[in-house]
Amino acid sequence: MGLRSWWQNLVYLMRHYPPQFVEVVMLLLAIILLLFWSATGSWTFLVLCLSYAAGSSMAMLVREAMFPPPQFQATQAVAILLLLMSLCTLADLVFNQI
738 MGLRSWWQNL VYLMRHYPPQ FVEVVMLLLA IILLLFWSAT GSWTFLVLCL
788 SYAAGSSMAM LVREAMFPPP QFQATQAVAI LLLLMSLCTL ADLVFNQI
């Protein structure tokens, strides 16, 4: 019963809120890649993780700019923090790898 309701919620989210679904998928992939990076230590997993996180946060900011909510939501602040952390870590990787 629990799996069926989970699947129904996922299908509902895909049909009615496609941008949020894409953002959630990107964040889940970023979390999975972060786990791979922590297990292997390979910087390629970290770069992919940060790219997904930056892309997801940019998608959130664009969606919030196009359709602003009536009240303040923490989504904007979290997206900005995630974007800044991702870009700073990517810049650190690039400059330290050269």
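Heads up: the sequence shown begins at 738 in our numbering, then just goes up one per residue. Note that beta-carbon positions come from the ideal geometry of N, C-alpha and C, so glycine has one too.
Q: With a cut-off of 8 Å on the beta carbons, I'd call L770 and Y789 a contact; round off their distance for me.
A: 7 Å
Q: Put S779 into one of helix, strand or coil per three-state DSSP.
A: coil
Q) Hey, S742 and A791: beta-carbon distance below 9 Å or not? A) no
Q: Determine the direct distance from the alpha carbon of F773 to that of F782, and round the result to whole angstroms.
A: 7 Å
Q) Taking all protein chains shown into account, do 16 or more other C-beta atoms lie within 10 angstroms of the C-beta of C786, making it buried, or fewer, making it exposed? A) buried
**Q.** Buried or exposed (CB count within 10 angstroms, at least 16 for buried), M803
**A.** exposed
Q.
Quick check: the Cα distance between Q757 and V831, rounded to an integer number of angstroms?
A. 30 Å
Q: Put Q808 into one of helix, strand or coil per three-state DSSP.
A: coil
Q.
Buried or exposed for A814, going by 16 or more other Cβ atoms inside 10 Å?
A. exposed
(Q) DSSP three-state label for Y749, please. (A) helix
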